[in-house]
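Heads up, the thing below is written out as structure tokens.
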Amino acid sequence: MSDPMRPRAALRTAVVWEVLRDALDRRVKATGRQALDVLDAGGGSGNFAVPLARLGHRVTVVDPSPNALFALERRAAEADVADRVRGVQGDAHGLFDVVERGGYDVVLCHGVLEYVDDPAEGVRNVVAALRAEGVLSLLAAGLGGAVLARALAGHFKEAKQALEDPDGRWGQGDPVPRRFTAEQLAGLVEGAGLRVGAVHGVRVFADLVPGVLVDTEPGALEALLKLEEAAAELSAFHSVATQLHVLGETRESTEA
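Set out below in structure tokens:
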């Protein structure tokens, strides 16, 4: 609780966690199983996988980085959930070389589409990992947030470049290969055969607020978290969010 990085971590993940936990609860009720099978594609060192395992779910993490998977193994052991977390080396393109097709109740695809060669193929692959009734949690970099950030930093040419670039990049030094609008992500999810259950803007304000204010002003973190949650569902703020979260649901799970 005294970790100085905790406030920033909470701001980055709070909205996604709220949506994801609600989706998990609904799947638990629908399946009658307390432990779901979860695939975290590109899950790295387990920022989501380990907390999900703490909730009692079985989580498979696929990531191309051996170092990230080693950190995942260590983190899972420290949290005493090593028996519910499995890490395998792989990527979205060759997903079914390492995991079962149609074997998961929930699939997370967070921070992956920005880096794959073909985002549509990436989404189709992770969707194919879902059971007939399942949920996809998709998180990717938002175009509008990058444009706004560059403009507020005084880099107006770079802001305009990001706005006009097909991949949403502000220049050759941009570390993010690709960004998306909410409409683009929703289109990818629907194109893979899922229904879009919800779209949320993530880090609408958090990246714009001075860190010293959040860390030192009494009540500022809680108030900012509540503001983020309130704005997340409003489409007007999706266009300026740093990240965008789309919840996709199979047709069967929607009808259940």
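Quick note, the working numbering runs 1491 ahead of the 1-based positions in the sequence shown. All residues carry an ideal CB built from backbone N, CA and C; glycine is no exception. Keep in mind that this is a model prediction, so the values were computed, not measured.
query                                                                                     : result
8 Å contact criterion, which Ala1521 and Leu1586 should meet: CB distance rounded         : With a Cβ gap of about 25 Å, Ala1521 and Leu1586 do not count as contacting.
For Val1598, the nearest candidate out of Glu1564, Glu1605 and Val1617 (CA to CA)         : Val1617
Within 7 Å, strictly: CB atoms of Ser1536 and Ala1562                                     : yes
Three-state secondary structure (DSSP) of Arg1549                                         : strand
Euclidean distance between Cα positions of Arg1549 and Asp1528                            : 5 Å
Minimum C-alpha distance to Ser1726 - residue among Val1690, Pro1701, Gln1734 and Leu1716 : Val1690
As assigned by DSSP and simplified to three states, the class of Ser1726                  : helix
Residue ranges of each alpha helix (DSSP H) within the segment 1629-1709, 4 or longer     : 1634-1643, 1647-1655, 1673-1682 and 1702-1707
Buried versus exposed, by CB contacts within 10 Å (16 or more), Asp1582                   : buried
Rounded C-alpha distance that separates Arg1694 from Phe1671                              : 15 Å
Backbone CA spacing between Ala1683 and Leu1715 [nearest angstrom]                        : 35 Å
Under 7 Å between C-beta atoms of Ala1650 and Arg1660                                     : no
Beta-ladder partner(s) of Glu1740, from DSSP                                              : Val1626 and Arg1686
Pair within 7 Å by beta-carbon distance, Ala1711 and Val1703                              : no
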